[in-house]
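The structure appears below as structure tokens.
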Ligand code: ADP
Ligand code: MG
């Protein structure tokens with residue numbers, strides 16, 4: 014293929030320097046096109062405008078040098094330590110005694126992989142010290158290094174030296190230097206041929222640099238750029254690229270939202286019947302936050318367009334009763350409601366809770382989960398299709414194709430983060446523009462919420478029900494196990510109930526985890542023979558799960574041994590103690606969710622975190638945070654910080670698109686700004702042609718991300 018024909022959409026394999034092997038390596042990082050490549054930006058920069066000369070180096074100085082390797086090899090000291098020792102020099106140091114040595118402890122891999130050999134030209138970056146392990150007087154201990162490719166030296170040099178040098182994270186065996194060369198080639202070929210992707214009016218209004226300029230300056234900044242700004246990702250060009258990403262997602266979400274907002278919905282009414290019914294079921298006075306949120310929901314449901322709302326609230330803040338009140342509004346207007354939960358246990362729990370609360374009202378409530386018999390399910394489906402069941406609670410069994418509703422007006426999705434966006438959509442399609450209430454108990458930092466759920470309106474319950482006593486959380490070491498068990502014994506003797514949670518159900522080869530089943534037997538026979546101990550895990554048949562839950566709720570089971578299936582939604586106020594085994598293996602968010610099962614009544618609750626002896630520092634930090642705070646939003650923020658920006662786990666967990674350049678921790682202000690601009694652009698476009706053209710190109714160029722937002 015002729016070079017001049019390359020476009021951003023061309024596959025990287027057509028780029029000079031990328032053969033099939035490299036193309037494969039890049040593809041493993043989702044880099045398939047030239048565009049993908051150019052959006053793989055440096056993660057830091059080094060000021061190599063001025064390289065230090067070896068002759069001028071002083072102890073204590075941190076420097077970058079470009080030198081030629083003279084000798085190298087693995088040595089063994091008298092006390093048996095392996096040291097990889099390398100001597101090098103530059104033009105300034107070709108006099109005896111003016112070499113620089115570089116040393117690495119135990120770096121057998123350098124020898125084995127034949128990383129260095131004499132004659133190579135290498136950058137070393139590090140701190141200069143006096144050598145305590147040899148003859149030469151200056152040394153860099155474990156310096157960062159970069160070996161220059163042997164071919165094309167003169168050209169290469171201009172990318173490496175005498176400039177602010179971009180540092181890329183290596184991709185497989187593609188070193189920063191190789192990536193730098195590829196970027197340079199791509200930018201040179203694409204010169205003048207990088208089409209703008211942001212709307213002209215948005216560029217103008219926000220005074221953003223062009224895309225071509227942004228890419229060029231981000232990869233190879235001009236000399237006068239500030240290293241500090243570059244490092245913080247705050248040069249105008251870097252900001253433009255971050256803005257671009259947020260803007261694209263923002264427009265996709267805004268379009269989705271507009272589509273929803275314009276749809277004719279089911280306009281319901283708050284009648285006296287609704288008010289009466291709600292009054293009859295409420296077992297307590299709602300908190301001010303619950304009232305406010307219910308008002309927001311009621312306003313949506315009585316408007317001519319469908320509601321599409323995210324209800325956030327920390328665990329235990331009382332989201333369920335609010336959802337149930339919304340359900341009553343729909344049912345009293347003659348419609349049906351579907352409540353979907355991620356696990357059978359949670360669905361069952363909601364079902365029992367709803368049945369109990371709604372007992373005073375003449376509603377038919379159904380439970381649809383996979384674990385029920387085919388016959389039971391068939392009967393329920395028939396009654397749903399006829400419209401004689403008003404409220405159905407279920408798992409994803411609800412979205413099976415043969416589930417039909419006669420008059421579905423409200424879809425409630427609990428613990429949304431556990432479902433794919435597609436599943437939410439599938440359920441919504443079973444009605445004609447039903448109202449949608451999405452609930453999540455994993456508090457999401459605002460930036461993440463905006464990026465993942467920007468198409469929804471937000472409501473927050475930011476207040477816990479009254480008389481909640483803070484949970485006491487303590488970390489125990491394995492050797493204090495007996496003490497923890499004694500504590501449980503005393504609590505259960507005085508009439509309270511306890512959870513004992515295990516991470517896994519089956520014995521795992523890799524981790525030394527005590528399986529719940531074996532521990533259940535041990536606890537019930539040897540440790541707590543005087544108590545009624547129950548076992549709950551995901552693989553129990555549905556009716557058994559239901560019966561265990563019911564018995565625990567009724568107090569017949571005093572100690573419930575369980576896997577993490579109790580993590581979401583389970584609500585038994587008399588359970589005041591939770592022992593979490595192998596707490597070091599859980600993430601912060603999950604521990605917080607688990608702990609949320611207790612502290613639900615008026616009694617004081619205790620969470621005992623039992624941790625094994627071999628823990629990482631990060632695990633210790635997690636446990637420490639848990640013992641200090643109970644604020645879910647704080648914990649979510651800490652979680653993000655601990656995971657670090659490179660960690661996409663949290664991202665996936667919340668359904669946030671995987672950004673290429675933007676970083677939600679670092680870039681929240683740019684997100685707010687880009688989102689505002691995106692809303693404005695969609696809702697009040699300067700030119701409808703511009704909006705239409707942008708939408709088309711967004712669709713064509715960003716299929717995966719766009720689809721993600723589209724079905725939201
Ligand atoms: P979550 O928000 O975690 O889903 P739930 O809806 O399960 O919380 O509510 C937690 C517990 O608090 C339940 O036992 C519920 O009955 C109780 N609760 C909810 N709202 C109130 C209130 N306003 N006053 C007293 N108890 C409440
Ligand atoms: Mg809940």
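Numbering (the working numbering), first residue to last: 14 to 725.
Yeah, the Cβ is synthetic: ideal placement off N, Cα and C, and Gly gets one too.
Is residue i helix, strand or coil when you go by DSSP?
{"i": "residue 59", "result": "strand"}
{"i": "residue 24", "result": "strand"}
{"i": "residue 161", "result": "coil"}
{"i": "residue 289", "result": "helix"}
{"i": "residue 256", "result": "helix"}
{"i": "residue 231", "result": "helix"}
{"i": "residue 701", "result": "helix"}
{"i": "residue 662", "result": "The predicted position of residue 662 is uncertain, since its pLDDT is 37 and thus under 50; a value taken from the coordinates is nonetheless stated next. Helix at residue 662."}
{"i": "residue 129", "result": "coil"}
{"i": "residue 344", "result": "helix"}
{"i": "residue 210", "result": "coil"}
{"i": "residue 732", "result": "Nothing can be reported for residue 732: it is not among the residues displayed for the chain, which extend from 14 to 725."}
{"i": "residue 505", "result": "helix"}
{"i": "residue 318", "result": "coil"}
{"i": "residue 575", "result": "strand"}
{"i": "residue 121", "result": "helix"}
{"i": "residue 593", "result": "strand"}
{"i": "residue 453", "result": "strand"}
{"i": "residue 561", "result": "helix"}
{"i": "residue 354", "result": "coil"}
{"i": "residue 359", "result": "helix"}
{"i": "residue 599", "result": "coil"}
{"i": "residue 3", "result": "Nothing in the structure corresponds to residue 3, since the chain is present only between 14 and 725."}
{"i": "residue 263", "result": "helix"}
{"i": "residue 215", "result": "helix"}
{"i": "residue 722", "result": "Below a pLDDT of 50, predicted positions are generally treated as unreliable, and residue 722, at 42, falls in that range; no measurement from the model is reported."}
{"i": "residue 409", "result": "helix"}
{"i": "residue 368", "result": "helix"}
If the criterion is Cβ atoms closer than 8 Å, does the pair residue i and residue j meet it?
{"i": "residue 696", "j": "residue 267", "result": "yes"}
{"i": "residue 97", "j": "residue 87", "result": "yes"}
{"i": "residue 103", "j": "residue 78", "result": "yes"}
{"i": "residue 622", "j": "residue 489", "result": "yes"}
{"i": "residue 733", "j": "residue 592", "result": "Residue 733 lies beyond the residue range present for the chain, which begins at 14 and ends at 725; the question has no answer from this structure."}
{"i": "residue 464", "j": "residue 677", "result": "yes"}
{"i": "residue 366", "j": "residue 584", "result": "yes"}
{"i": "residue 466", "j": "residue 607", "result": "no"}
{"i": "residue 645", "j": "residue 328", "result": "yes"}
{"i": "residue 176", "j": "residue 236", "result": "yes"}
{"i": "residue 51", "j": "residue 154", "result": "no"}
{"i": "residue 398", "j": "residue 413", "result": "no"}
{"i": "residue 619", "j": "residue 576", "result": "no"}
{"i": "residue 694", "j": "residue 212", "result": "yes"}
{"i": "residue 378", "j": "residue 404", "result": "yes"}
For my contact list, residue i and residue j are in at a C-beta cut-off of 8 Å; report their separation, rounded to the angstrom.
{"i": "residue 410", "j": "residue 350", "result": "Not a contact, Cβ separation roughly 16 Å."}
{"i": "residue 142", "j": "residue 152", "result": "6 Å"}
{"i": "residue 157", "j": "residue 181", "result": "Actually they do not touch by this definition, with Cβ atoms about 13 Å apart."}
{"i": "residue 574", "j": "residue 513", "result": "5 Å"}
{"i": "residue 309", "j": "residue 472", "result": "5 Å"}
Does the Cβ of residue i lie closer than 7 Å to at least one heavy atom of the ligand SAM?
{"i": "residue 332", "result": "Absence of the ligand SAM from the depicted structure is noted, with the ligand ADP and the ligand MG being the only ligands included."}
Does residue i come within less than 8 Å of chain D when only Cβ atoms are used?
{"i": "residue 478", "result": "Of the chains in the structure shown, none is chain D; there is only one protein chain."}
*Is there contact between the region 546-564 and the region 356-368, where contact requires at least three CB pairs shorter than 8 Å?*
yes
*Touching by the beta-carbon criterion (3+ pairs, under 8 Å), the region 114-133 and the region 53-69*: no
*Tell me, please, whether the region 65-78 touches the region 121-132 by the rule of three or more beta-carbon pairs shorter than 8 Å.*
no
*asked:* Three or more C-beta pairs under 8 Å: does that hold for the region 435-453 against the region 335-344?
replied: yes
*Taking three-plus beta-carbon pairs below 8 Å as touching, is the region 606-616 in contact with the region 477-488?*
yes
*contact_flag[the region 584-599, the region 613-632] where n(CB pairs < 8 Å) is 3 or more*: yes
_Any contact between the region 17-36 and the region 199-212? By contact I mean 3 or more CB pairs, one from each, below 8 Å._
yes
*asked:* Within 8 Å, do at least three Cβ pairs link the region 562-571 to the region 384-396?
replied: no
_Does the structure place the region 494-513 close enough to the region 304-323 that three or more beta carbon pairs sit under 8 Å?_
no
*Report yes or no: do three or more beta-carbon pairs, one from the region 252-261 and one from the region 289-296, lie closer than 8 Å?*
no
*Below 8 Å, can you find three or more Cβ-Cβ pairs linking the region 272-290 to the region 298-315?*
yes
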